[in-house]
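These notes concern the structure reproduced below.
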Amino acid sequence: MTDHHHHIRGINTGNGHGNGNGEKYEITTASRTSLDSHRYVANTEDSKMPDTMPDHSKLAAEQIASMSPEEYAEAEKKLLRKLDLNLIPWMTLLYLLSFIDRVNVGAAKLVGLTKDLNLSSLEYSNASMIFFVSYVAFEVPSNLVLKKLRPSRWIPFTMICWAIFQTCMGLVTNYGQLLALRFCLGLFESGLFPGLNFYLTGWYRRDELNRRVSVFFSGAVLSGAFGGILGYGLSKMDGIGGKAGWAWIFIIEGLLTFVIAVASFWMIHDWPDRAKFLTPIEREMVLVRLRQEQGLAAEGGFNWRVIKKALVDWKTYCLMLMYIGAAEPLYSLFTPTIIAYLGKFSISASLLLSTPPYVLMFITTIGTAFLSDRYQRRGFFLMGWSLVGATGYLLLLTIPIRYPGALYAAVYVASSAVGPLIATTISWTGNTFGNHYKKAVAMGLVFSAGNSGGIVSSQAYRNKDAPRFLPGHATALAFCLLNFTMAVILYFGVKRENKRRDLKYGPPPRPDEVFEFEDPEYQAKWGLQGMSRKEIVELGDDHPAFRYML
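Per the working numbering: the sequence shown = residues 82 to 631.
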């Protein structure tokens with residue numbers, strides 16, 4: 082193997098494999114350049130591979146190359162099942178905890194937090210909001226750190242820190258302390274969600290991602306449901322050990338997070354190339370699949386040019402606005418407070434009544450993810466659901482307060498839309514950027530934009546607007562329409578770009594075509610003459626062969 086890239090290159094003559102009359106290419110072991118394989122092999126001299134890894138991946142690669150398409154499909158199915166069982170449940174649990182810890186201040190408020198600390202309406206809004214300030218600020222840095230450190234170290238570390246702050250929130254005696262702890266909570270929670278999303282893009286292909294992201298996002302949505310019930314249960318510990326019910330909500334949920342964070346050191350696997358639960362062949366398969374699908378996306382080092390690219394790309398800002406359009410309504414639904422005002426529901430009833438809308442959200446989110454992966458479409462789903470969401474908020478604005486039942490039904494309409502909006506926007510973001518680091522930066526920015534939606538909604542739903550909360554609902558309505566507008570813009574924008582590339586360079590390559598980046602013929606076809614391999618890799622989604630998902 083003289084070629085130092087270990088690329089086994091399928092030569093694509095016009096007639097597909099072989100030369101028409103049933104002969105295969107002869108394989109010369111000396112050069113090995115034209116292995117007539119229906120799939121190709123990951124480049125083991127990639128910077129992302131640990132140096133200590135023994136070179137068994139060559140063996141694995143050859144075994145993969147020698148499988149028949151049927152065997153390969155079977156192996157792939159088994160591999161996906163294995164990944165799903167090993168990665169998704171734990172990720173869902175972690176995200177569920179981060180969600181519960183984030184919104185439990187809403188449950189605490191209902192059971193007397195504001196009374197015990199003498200908080201005014203504004204002070205409570207600020208305590209709720211300050212979390213998102215630090216959360217937004219530290220999302221991008223955290224993603225870049227995750228790429229440098231091992232996920233199995235970084236994620237549990239941030240969790241342990243936030244668990245400690247969460248537990249301490251049960252011990253606060255005044256507004257200042259609450260504010261400081263909410264700020265620190267945001268600081269350490271910021272890494273989790275973008276981190277997990279980013280982490281999954283290192284294991285799954287673009288078309289598989291939406292379903293996975295949606296599963297763990299929906300798990301979190303269920304936690305919204307579960308958080309209400311848990312908050313209700315824990316508030317019944319009122320008076321034990323001289324602590325109020327709201328303090329126990331913080332303490333018990335914080336300790337729960339702490340235990341799970343410690344377990345995470347063992348439960349989180351690093352990147353696929355060192356996953357203990359995969360055989361060498363399976364590890365190689367994960368990498369081959371990613372490389373097949375993303376082509377250049379998997380490689381490429383970190384540099385400021387790539388970051389600048391993410392910052393000057395209009396699509397980043399379009400997705401940021403799209404995500405804030407989905408996330409602001411999400412944070413507005415969280416308040417069991419709204420339900421408490423709808424009718425004369427008691428506090429425990431409104432904590433429990435905040436559960437069913439989340440269950441519906443769970444169902445619509447999973448359903449949409451499934452369909453949107455099946456048809457490889459993102460834009461249409463967003464346009465549809467954002468209008469449904471807008472309708473829900475319109476109903477909340479217009480139905481008179483005399484009909485609490487109808488208003489409660491409108492909460493269902495609104496929440497059924499919000500879940501799919503968020504999950505689909507997230508996976509569309511992951512699909513849109515080619516380069517690994519560009520994606521990391523863009524995802525961080527998109528998430529921070531969305532969570533500043535948390536800032537907006539904590540200020541829009543003010544106690545003094547009870548029981549109708551008209552400004553709050555009107556704001557959420559506007560944000561749903563923002564999501565709609567951005568989805569339309571991005572859809573037509575990338576559609577036009579795809580068409581331009583088709584006209585200029587011909588159709589995109591099939592997934593099983595392989596090229597040497599240095600090959601002059603390849604460079605001529607895509608108009609990349611004179612570019613080094615590194616520069617081509619850096620193009621990411623600007624590469625003429627990349628096609629955006631609509």
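For each residue, glycine too, the CB sits at the ideal point set by N, CA and C. Predicted model only: the values in this text are computed from it and were never measured.
Distance, Cα to Cα, Ser316 vs Ile330? 6 Å
With 16 other Cβ atoms within 10 Å as the buried cut-off, status of Lys580: exposed
Expected contact under 8 Å - CB spacing of Gly511 and Lys520 to nearest Å: 7 Å
For Leu584, tell me which candidate among Pro438, Ala626, Leu463 and Leu488 has the shortest Cα-Cα distance. Ala626
Using alpha carbons as the reference points, say which of Leu434, Leu526 and Gly470 lies closest to Gly486. Leu434
Output yes or no for whether 8 Å exceeds the beta carbon distance between Asp182 and Glu334. yes
On the DSSP letters alone, give me the boundaries of the alpha helix (DSSP H) that His554 sits inside. Leu551 to Tyr586
Rounded separation between Val369 and Pro353 - CA only: 11 Å
Here's the rule: buried if 16 or more other CB atoms are within 10 angstroms of the residue's CB, otherwise exposed. What is Phe701? This structure cannot speak to residue 701, because the chain is shown only from 82 to 631.
So, at 7 Å on beta carbons, what are the nonlocal neighbours of Ser209 in its own chain, with the 5 sequence-adjacent residues on each side left out? Val186 and Ser539
What three-state label does DSSP hand Arg356 in the structure shown? For clarity, residue 356 is Ala in the given sequence; the question names Arg instead. Looking at Ala356 - three-state DSSP - the assignment turns out to be coil, as it is neither helix nor strand.
Stretch-stretch touch, CB-based, cutoff 8 Å, three pairs: the segment 190-197 with the segment 520-530: no
Exposure label - Val492; buried when at least 16 CB within 10 Å: buried
Distance between Ser453 and Asn278 (C-alpha atoms, nearest Å): 17 Å
How should Phe246 be labelled, buried or exposed, when 16 other C-beta atoms within 10 angstroms of its C-beta is the threshold for buried? buried
Nearest candidate by alpha-carbon position, reference Leu551, set Ser496, Lys324 and Ile480: Ile480
Would Ile507 and Val294 qualify as a contact pair, given that the criterion is a beta-carbon distance under 8 Å? yes
Where does Arg263 land, buried or exposed, given buried means 16+ other C-beta within 10 angstroms? buried
For Leu475, the first and last residue of its enclosing alpha helix (DSSP H): Gly460 to Thr479
Indicate whether Glu220 and Ser149 have their beta-carbon atoms separated by less than 8 Å. no
C-alpha gap between Pro548 and Tyr489, whole angstroms: 13 Å
Report the rounded CA-to-CA distance for Glu151 versus Tyr280, giving the unit in angstroms. 29 Å
By alpha-carbon positions, which one of Phe560, Pro438 and Tyr474 ends up nearest to Ser497? Pro438
Buried or exposed for Leu227, going by 16 or more other Cβ atoms inside 10 Å? buried
Is Met630 closer than 8 Å to Arg459 when the C-beta atoms are compared? yes
Cys561 vs Tyr484 beta-carbon contact at 8 Å: no
What do you reckon, are the CB atoms on Val469 and Val440 nearer than 8 Å? no
Can you check which of these residues, Leu166, Leu273, Leu177 and Ser299, is closest to Gly311 by C-alpha distance? A small fix is needed here, since residue 311 is Leu in this sequence, not Gly. Closest by alpha carbon: Leu177.
Tell me, to the nearest whole angstrom, how far the beta carbon of Ala391 is from that of Pro237; I am working on the premise that it is less than 8 Å. The pair is not a contact, with the Cβ atoms about 28 Å apart (cut-off 8 Å).
Below 8 Å between beta carbons: does that hold for Ile169 and Val367? no
Taking the C-alpha atoms as reference points, what is the distance between Gly406 and Lys159? 38 Å
Please determine, among Tyr603, Tyr404, Cys249 and Thr446, the residue with the shortest C-alpha to C-alpha distance to Phe565. Tyr404
Where does the unbroken alpha helix (DSSP H) through Met612 begin, and where does it stop? Taken as a continuous stretch (DSSP letters only), Met612 belongs to no alpha helix (DSSP H), as it is neither H nor E.
Length at least 4, wholly inside the segment 475-517: the alpha helix (DSSP H) runs in chain order: 485-513
So, with DSSP's three-state summary, where would you put Glu126? Residue placement at Glu126 is flagged as unreliable, the pLDDT there being 41, under the threshold of 50; the coordinate-derived value follows with that caveat. Glu126: coil per DSSP, three-state reduction.
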